[in-house]
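Throughout the sequence shown, residue numbering follows my numbering, covering 119 to 399 in sequence.
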Amino acid sequence: MTDGTSMAFGARLRVTMDTFGAVCVGIDPHPELLTSWGLPVSAAGVRAFAQTCAEAFAGRVAAVKPQSAFFEEYGSAGIAVLEEILPIFQAAGTPVILDVKRGDIGSTMAGYARAYLADQAPLACDAITVSPYLGFGSLAPAMDLAQQTGRGLFVLALTSNPEGRSVQHVGGAGASVAGAIVTGAAEANARAAGRGELGSIGLVVGATVGSAVRDLGIDLAAANAPILAPGFGAQGGTAAEAAAVFGAALPNVLAASSREVLSAGPDVAALRRRAEAARIV
């Protein structure tokens with residue numbers, strides 16, 4: 119991944135999406151799910167959960183997305199589980215998108231970048247989610263390091279939570295905050311586009327945002343970005359709606375499914391079948 123000869127994150131993700139189908143399985147050991155799997159609500163339960171997910175999904179899906187919060191809540195013991203499972207997926211060739219939604223400025227953003235995107239970092243992963251709401255330019259330390267190490271970012275753009283509209287839709291059609299974020303990603307991905315590759319600066323766009331992309335006049339396809347789309351399955355997003363939401367950018371959409379897939383556990387074979395069924399294209 120980082121020896122100077124391997125593909126950039128976007129190109130690698132395109133390969134796994136084409137191979138396994140465009141689904142990203144969330145690794146979300148929230149307390150209710152641990153209980154339903156018959157596991158203790160503890161770091162030990164999280165470890166057993168994560169190990170089962172690794173057995174089920176490593177080398178078998180386009181990507182996985184551990185939600186860092188559900189590990190962090192157990193302190194160092196939970197973080198240790200993350201450190202254990204990330205290399206398992208990576209050794210199997212499965213890209214890991216760590217959902218941390220970091221966003222800060224200057225040296226602090228650079229510190230977050232090193233924590234997840236530097237080659238020798240204990241929590242090094244293939245990509246992280248980031249928040250641009252201190253200004254898209256505040257993400258520069260993370261974008262720069264991701265480019266250097268062959269990793270990627272997924273930038274929050276249009277999220278499906280109702281509160282998001284009050285920030286993301288400001289400016290209206292042709293001048294929205296979300297539109298400016300998509301433009302920033304397009305500029306960051308221009309070099310990859312010139313090589314005919316999918317860019318490594320991705321976007322997060324909810325599967326249930328309805329007509330927001332059209333209403334705001336946003337051209338997602340022009341961003342040449344992988345689009346992480348939470349909200350499929352249990353949250354209401356369907357394959358039938360995906361074409362209407364994402365339009366010409368649909369081939370770049372990575373459907374994120376957590377509860378819908380994980381509810382099939384803890385049986386490994388059932389988890390694999392549910393992940394395969396979650397593909398949207």
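By construction, the Cβ of each residue, glycine as well, lies at the ideal position given by its N, Cα and C atoms.
Given the structure is predicted, the values throughout are model-derived calculations rather than measurements.
- Burial of Ser318 is indicated by the presence of at least 16 other C-beta atoms within 10 angstroms of its C-beta.
- Where Arg377 is concerned, the enclosing alpha helix (DSSP H) starts and stops at 377–380.
- Its Cα nearest to that of Leu151, the residue Cys171 stands out among Cys171, Ala140, Val133.
- Taken through DSSP and simplified to helix, strand or coil, Gln265 comes out as helix.
- By the C-beta criterion, the segment 319–338 is judged to be in contact with the segment 289–308, since at least 3 inter-stretch pairs fall below 8 Å.
- Contact fails between the segment 223–233 and the segment 154–165, because fewer than three Cβ pairs, one in each stretch, are under 8 Å apart.
- Looking at the backbone, the Cα of Ala303 and that of Arg178 are separated by about 28 Å.
- Asp146 is classed as buried because its beta carbon has at least 16 other beta carbons within 10 Å across all chains shown.
- Scanning its chain for C-beta atoms nearer than 7 Å, with the 5 sequence neighbours on each side dropped, one finds around Tyr251 the residues Gly221, Val285, in chain order.
- The alpha carbon of Asn342 has as its nearest neighbour, out of Thr301, Pro348, Leu380, the alpha carbon of Thr301.
- Bridge partners of Gln185 according to DSSP: Asp217.
- Nearest to Pro280 by alpha-carbon distance, out of Phe138, Asp136, Gly328, Ile246, is Gly328.
- For Val273, the enclosing beta strand (DSSP E) has its first and last residue at 270–276.
- Per DSSP, Ala195 is one residue of the alpha helix (DSSP H) stretching across 194–209.
- In the structure shown, Val164 falls within a helical segment according to DSSP collapsed to helix, strand and coil.
- At a Cβ-Cβ threshold of 8 Å, Phe207 and Val199 do not count as neighbours.
- According to DSSP, Ile345 shares a beta bridge with Leu321, Val371.
- Looking from the CA of Ala339, the closest CA among Ala361, Ile246, Asp217 belongs to Ala361.
- When the Cα atoms are used, Arg392 and Gly349 turn out to be separated by approximately 16 Å.
- Contact between Ala176 and Thr134 fails: their C-beta atoms lie close to 12 Å from each other, not under 8 Å.
- Going by beta carbons, Leu316 and Arg132 fall inside the 8 Å limit.
- As DSSP reads the structure, Cys142 sits in a beta bridge with Ala181, Ala374.
- Excluding the 5 residues flanking it on each side, Cys243 has same chain C-beta neighbours closer than 6 Å at Leu204, Val214, Leu216, Tyr234, in chain order.
- The Cβ-Cβ distance between Gly270 and Ala245 falls below 8 Å.
- In the same chain as Lys219, and ignoring 5 residues on each side of it, the C-beta atoms closer than 8 Å to its own belong to Thr247, Val248, Ser249, Leu274, in chain order.
- Between the alpha carbons of Arg130 and Ser160 lies a distance of about 34 Å.
- The alpha-carbon separation between Val164 and Ala382 amounts to approximately 17 Å.
- In this structure, Ala347 lies away from Val379, with their beta-carbon atoms at least 8 Å apart.
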